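Mapping of the sequence shown onto this note's numbering: residues 59 to 451, in sequence order. Backbone N, C-alpha and C fix where the C-beta goes; we use that ideal spot for every residue, glycine too. For clarity, every value in this text was computed on a predicted model and none was experimentally measured. Remarks on the structure that follows.
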Amino acid sequence: MSYNIDERGYYGEFGGAFIPEMLYPNVEELRQNYLKIMAEPSFQEEFHALLKDYVGRPSPLYFAERLSKKYNTKIYLKREDLNHTGAHKINNTIGQILMAKRLGKNRIIAETGAGQHGVATATVCALMGIECIVYMGEIDIARQAPNVARMKMLGATVVPALSGSRTLKDATNEAIRDWINNPVDTHYIIGSVVGPHPYPDMVAKFQAVVSEEIKNQLLEKEGTENPDYLIACVGGGSNAAGTYYHYLDNEDVNIIAVEAAGLGIDSGESAATSVLGKEGIIHGSKTLLMQTNDGQITEPYSISAGLDYPGVGPMHANLYKTGRAEFIAITDDEAMTAGLELSQLEGIIPAIESSHALAVFEHKKFKPEDIVVLNLSGRGDKDLQNYIDYFKL
Numbered sequence: 059m060s061y062n063i064d065e066r067g068y069y070g071e072f073g074g075a076f077i078p079e080m081l082y083p084n085v086e087e088l089r090q091n092y093l094k095i096m097a098e099p100s101f102q103e104e105f106h107a108l109l110k111d112y113v114g115r116p117s118p119l120y121f122a123e124r125l126s127k128k129y130n131t132k133i134y135l136k137r138e139d140l141n142h143t144g145a146h147k148i149n150n151t152i153g154q155i156l157m158a159k160r161l162g163k164n165r166i167i168a169e170t171g172a173g174q175h176g177v178a179t180a181t182v183c184a185l186m187g188i189e190c191i192v193y194m195g196e197i198d199i200a201r202q203a204p205n206v207a208r209m210k211m212l213g214a215t216v217v218p219a220l221s222g223s224r225t226l227k228d229a230t231n232e233a234i235r236d237w238i239n240n241p242v243d244t245h246y247i248i249g250s251v252v253g254p255h256p257y258p259d260m261v262a263k264f265q266a267v268v269s270e271e272i273k274n275q276l277l278e279k280e281g282t283e284n285p286d287y288l289i290a291c292v293g294g295g296s297n298a299a300g301t302y303y304h305y306l307d308n309e310d311v312n313i314i315a316v317e318a319a320g321l322g323i324d325s326g327e328s329a330a331t332s333v334l335g336k337e338g339i340i341h342g343s344k345t346l347l348m349q350t351n352d353g354q355i356t357e358p359y360s361i362s363a364g365l366d367y368p369g370v371g372p373m374h375a376n377l378y379k380t381g382r383a384e385f386i387a388i389t390d391d392e393a394m395t396a397g398l399e400l401s402q403l404e405g406i407i408p409a410i411e412s413s414h415a416l417a418v419f420e421h422k423k424f425k426p427e428d429i430v431v432l433n434l435s436g437r438g439d440k441d442l443q444n445y446i447d448y449f450k451l
């Protein structure tokens, strides 16, 4: 079977476009054009030139010697934290800003949780001279102050979402409202593999540069394109989609998706969608979603602002349902400890999102000869205050 998207915009039974009629023209315009535009040689040329000269790709595949020694296996870190703006998010925003330009849009909206996607969107809008409005939950604005300052410095308008839990889900609701009100001139840059078709597929394709590079880099370092395991953290799941993309249908490669268990899976303060979620519809796609018995969305919680989303992208829902990926839920405490460990063993301070992925080594034994590739999706600058508060540094 294939784990890629089908022509209807579904991964297995997940995906689709469940949207209000007012949004249909916007989404349909994108759906009809995105593959055609992405296939244009001029688009590919501009996209790859910017990835190389502006973002600094390819990002290194780094053999983490001391971490490997500790856990007695071969651990490679895909260093997305070294990209311009400090995370994988820029791969997708560059792709989408080029898409928006070709569709004749002159106003960009985005939503952000941890602020990394907001920064990446504000960055490409500054690069292209296009107006940028970023919606962000009021709580996230408080806990990610440095990123809010970056967005404003880059010329973006940051609009607080004041409803609901005042986090990522609510910011997304506000962005969708804006898009309904401004259908003609506005492109919505979604930051993850969520939302109505074609977004999950388009974002995954822009992020697929990650797995494309992993294949070439592993071949050079290990004489094989295939790792034994791929590990990535999953909130909405774009860094994970990019890590898995070229390996989805290669069942010799094991996939591990790491979710945020917050204060514990059964604590009521968690974002472990695979365990706690049921099928439902959020932000335009059918996926696994944390919800009450009568279908109201449950408020997610994680110490990491990028992982406290109540659903997962439809690609990941399908990987979970089919058993293609193993899902592991990591608590706040485990993630913070793993982040500190990487800092002290390898001299790399990771984003708290990525720290969740790193905590897998305490949960799962790997063989000494296993090649394990972990996506270090972001750097920890944005989280320093969280680390300081947590460890009383």
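In the three-state reduction of the DSSP assignment, M373 falls in the helix class.
Taking all protein chains in view, the Cβ of G187 is surrounded by fewer than 16 other Cβ atoms within 10 Å, so the residue is classified as exposed. Within the same chain, Cβ atoms closer than 7 angstroms to the Cβ of F385 are found at A315, E317, S332 and Y378, the five residues on either side in sequence being excluded. V430 places its beta carbon 8 angstroms or farther from that of Y246. Inter-residue distance for G173 and N130 is about 35 angstroms (C-alpha atoms, whole angstroms). By the neighbour-count criterion, in which a residue is buried when 16 or more other Cβ atoms sit within 10 angstroms of its Cβ, G114 is exposed.
Contact between the segment 341-357 and the segment 404-418 is absent, with fewer than three C-beta pairs closer than 8 angstroms.
By the C-beta criterion, the segment 134-143 is judged not to be in contact with the segment 158-166, since fewer than 3 inter-stretch pairs fall below 8 angstroms. Relative to the Cα of N433, the nearest Cα in the group L288, P372 and Y257 belongs to L288. Between the alpha carbons of P254 and G74 lies a distance of about 6 angstroms. Counting along the chain, no beta strand (DSSP E) covers M80, and no H or E run does either.
The segment 296-305 and the segment 253-272 touch, with three or more beta-carbon pairs separated by less than 8 angstroms. Contact between Y61 and R382 holds, since their C-beta atoms are separated by about 6 angstroms, short of 8 angstroms. DSSP places Y193 outside any alpha helix (DSSP H); the residue lies instead in the beta strand (DSSP E), whose first and last residues are E189 to G195. In terms of CA proximity to D366, C291 leads the group C291, V242 and E399. With 16 or more neighbouring CB atoms inside 10 Å of its own CB, N205 falls in the buried class. Secondary structure of F101 (DSSP, three-state): helix.
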